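Participant: Protein chains in written order, with the numbering used here: chain A, 31 to 254; chain B, 31 to 254.
Please see the structure below; I have some questions.
2 protein chains.
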Amino acid sequence: MSIDQSARRGIPEVTVARLPEYLRALRGFAEQGTTSISSEDLAAATGVRSAKVRKDLSQLGSYGVRGVGYDVDHLAYQISLALGQTHDWPVAIVGMGNLGRALAAYRGFATKGFRIVALLDQNELLHGERIAGLVVRPVTDLPELVLEGLAIGVIATPADSAQDVSDRLVDAGVRSILNFAPTMLTVPDGVVVRKVDLSTELQILAFHEQRKVEPPTHLQEARA
Amino acid sequence: MSIDQSARRGIPEVTVARLPEYLRALRGFAEQGTTSISSEDLAAATGVRSAKVRKDLSQLGSYGVRGVGYDVDHLAYQISLALGQTHDWPVAIVGMGNLGRALAAYRGFATKGFRIVALLDQNELLHGERIAGLVVRPVTDLPELVLEGLAIGVIATPADSAQDVSDRLVDAGVRSILNFAPTMLTVPDGVVVRKVDLSTELQILAFHEQRKVEPPTHLQEARA
DNA sequence: TAGATTGTTAATCGATTAACAATC
DNA sequence: TAGATTGTTAATCGATTAACAATC
Numbered sequence: 031m032s033i034d035q036s037a038r039r040g041i042p043e044v045t046v047a048r049l050p051e052y053l054r055a056l057r058g059f060a061e062q063g064t065t066s067i068s069s070e071d072l073a074a075a076t077g078v079r080s081a082k083v084r085k086d087l088s089q090l091g092s093y094g095v096r097g098v099g100y101d102v103d104h105l106a107y108q109i110s111l112a113l114g115q116t117h118d119w120p121v122a123i124v125g126m127g128n129l130g131r132a133l134a135a136y137r138g139f140a141t142k143g144f145r146i147v148a149l150l151d152q153n154e155l156l157h158g159e160r161i162a163g164l165v166v167r168p169v170t171d172l173p174e175l176v177l178e179g180l181a182i183g184v185i186a187t188p189a190d191s192a193q194d195v196s197d198r199l200v201d202a203g204v205r206s207i208l209n210f211a212p213t214m215l216t217v218p219d220g221v222v223v224r225k226v227d228l229s230t231e232l233q234i235l236a237f238h239e240q241r242k243v244e245p246p247t248h249l250q251e252a253r254a
Numbered sequence: 031m032s033i034d035q036s037a038r039r040g041i042p043e044v045t046v047a048r049l050p051e052y053l054r055a056l057r058g059f060a061e062q063g064t065t066s067i068s069s070e071d072l073a074a075a076t077g078v079r080s081a082k083v084r085k086d087l088s089q090l091g092s093y094g095v096r097g098v099g100y101d102v103d104h105l106a107y108q109i110s111l112a113l114g115q116t117h118d119w120p121v122a123i124v125g126m127g128n129l130g131r132a133l134a135a136y137r138g139f140a141t142k143g144f145r146i147v148a149l150l151d152q153n154e155l156l157h158g159e160r161i162a163g164l165v166v167r168p169v170t171d172l173p174e175l176v177l178e179g180l181a182i183g184v185i186a187t188p189a190d191s192a193q194d195v196s197d198r199l200v201d202a203g204v205r206s207i208l209n210f211a212p213t214m215l216t217v218p219d220g221v222v223v224r225k226v227d228l229s230t231e232l233q234i235l236a237f238h239e240q241r242k243v244e245p246p247t248h249l250q251e252a253r254a
């Protein structure tokens, strides 16, 4: 997958995925007025082992002080730097169904440095409709949006149009895609896709739920 | 984390997470009328290496035939059995903000064996409101719902009430939780929590996006 | 100095991959 | 039998963890 490739020689993908969690915890400490913390404190706040915390943070640089700990503000700054939160990233959402509308209205993005600059849909009946303060536009506007700085595309369409939308995003020059459609996207090298699949998450929970309910038959034969 | 614990001696969590993907691909093959496939075919359809496909499937049992491949319908049946898709799982969504409403209206769950049986909110002004064919209820109804079979709780509240809602779900007897709130939940052993964090996903994309834009300075000193 | 805590090394664990014997 | 493909073994890779020297 393109993600691993992009992580080559850099910070491990698993570490990157934990950085936002650390940052969130640090913001919490800062709000409480805590100015210095240990890896143990950060571990407790994030549910990660302290050795892992230290290992993760050491990937970014040496921002702690032995015998003392980490300066909350400085560490938060360094992590936000690593995550590219120094400026706002323009985001476009494609697909104005229930999920797309909910994402468009979601307040949480702005505080994390993401600015929703466009809402798009392939259905021209929706064009011009006003949602969350933005006017719905056709996907053919994508090249123009990329020229204006669009960096990240969010796909919230049904499965059957997701690949087409993905191709249009890629052709327009978008290289980071968050895919909510329950389908695998094929993209060229250099494009990073992350997938969020709501049904899959529930299916994984159902797997565990089932394990609990049934007697622990490790020999699964007798079932069917 | 509770998930790893529950996977002890069983199918590895990473494998479980791929099963829904295989199942989706198999359903696709079945629709096209394909009755038999090789691990190579399934690998191509899911973007996974064929060796991994075989290893994953062998965790469930020996459902292939050497020299021939896998029977599409039989394999799909076995996977859906493992995932607990033999019956519907009752799901409740707590938090009727934008995201909660979108999830309530989402069509994709039903086809995967999930039935949304209740919509809850702590704000009593919303009680009685009708959303997606269901009436919004107070969270104090949870014990009653569990008695009626409720198995999975979805938390779609703001961060600051998520832990409280989680506690109420757990107290009522729910042991599988899908958390959309951007906060870490503390739950007792035996309760499985999966977290979907939209901002975190975007932050991970921003990390990669930033790496692309900047010159590949592997010596990060010169930046700050 | 004594106590605390980082950053890093080495050990462990688990997941991925390649390779191939088993077998249709 | 010859060809194909699984299921599994062994090798590799990467991530986690424990432990501790460095150092405030």
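Using N, Cα and C, we set each Cβ at its ideal position, and we do this for glycine too.
Being a predicted model, the structure only gives us computed values, none of them experimental.
Establish whether the CB of N128(A) and some CB of chain B are separated by less than 8 angstroms.
Facilitator: yes
Participant: For P212(B), which residues in chain A fall below 8 angstroms Cβ to Cβ?
Facilitator: R54 and G138
Participant: Could you say which of G63(B), S68(B), D219(B) and A148(B) lies nearest to D171(B) if we only look at CA atoms?
Facilitator: A148(B)
Participant: Applying the 10 Å Cβ sphere with the 16-neighbour rule, what's the burial state of A140(A)?
Facilitator: exposed
Participant: Restricting to runs no shorter than 4 residues, where is the alpha helix (DSSP H) found entirely within the region 141-184 of chain B?
Facilitator: 172-177
Participant: Output needed for E251(B): all residues of its chain with C-beta closer than 7 angstroms, excluding positions within five of it in sequence on either side, in chain order.
Facilitator: Because the pLDDT at E251(B) is just 34, under 50, the model does not fix this residue reliably, and the value given afterwards should be weighed accordingly. A distance below 7 angstroms between beta-carbons, with the five flanking residues on each side excluded, links E251(B) to no residue of its chain.
Participant: Please name the residue, chosen from D227(B), V222(B) and T230(B), that lies closest to E239(A) on a Cα-to-Cα basis.
Facilitator: Per the Cα distances, V222(B).
Participant: Which value, in whole angstroms, describes the spacing of the CA atoms of G94(A) and G143(A)?
Facilitator: Take the alpha-carbon of G94(A) and the one of G143(A): they are about 25 angstroms apart.
Participant: Which residue comes first and which comes last in the beta strand (DSSP E) that contains S206(B)?
Facilitator: Bounds of the beta strand (DSSP E) holding S206(B) are S206 to N209.
Participant: Do Q108(A) and L90(A) have their C-beta atoms within less than 8 angstroms of each other?
Facilitator: For Q108(A) and L90(A), yes; Cβs fall inside 8 angstroms.
Participant: What residues in its chain sit with their C-beta under 8 angstroms from that of A73(B), if we drop five residues either side in the sequence?
Facilitator: R79, S80, K82 and V83
Participant: Going by the beta-carbon positions, is the gap between T76(A) and E43(A) smaller than 8 angstroms?
Facilitator: no
Participant: Identify whether D201(A) lies in helix, strand or coil by the three-state DSSP scheme.
Facilitator: helix
Participant: Rounded to the nearest angstrom, what separates L199(B) and P212(B) at their Cα positions?
Facilitator: 17 angstroms
Participant: Going by DSSP in three states, Y100(B) sits in which element: helix, strand or coil?
Facilitator: strand
Participant: Along the chain, where does the beta strand (DSSP E) containing A186(A) start, and where does it finish?
Facilitator: No beta strand (DSSP E) holds A186(A); DSSP gives it neither H nor E.
Participant: If the criterion is Cβ atoms closer than 8 angstroms, does the pair P120(A) and A181(A) meet it?
Facilitator: Yes, they are a contact pair.
Participant: By a C-beta neighbour count over all protein chains shown, 10 Å radius and 16 as the cutoff for buried, is D219(B) buried or exposed?
Facilitator: With fewer than 16 Cβ atoms within 10 Å of its Cβ, D219(B) is classed as exposed.
Participant: Helix, strand or coil: which one does DSSP assign to G114(A)?
Facilitator: coil
Participant: Can you give the Cα-Cα distance for V217(A) and S191(A), rounded to whole angstroms?
Facilitator: 15 angstroms
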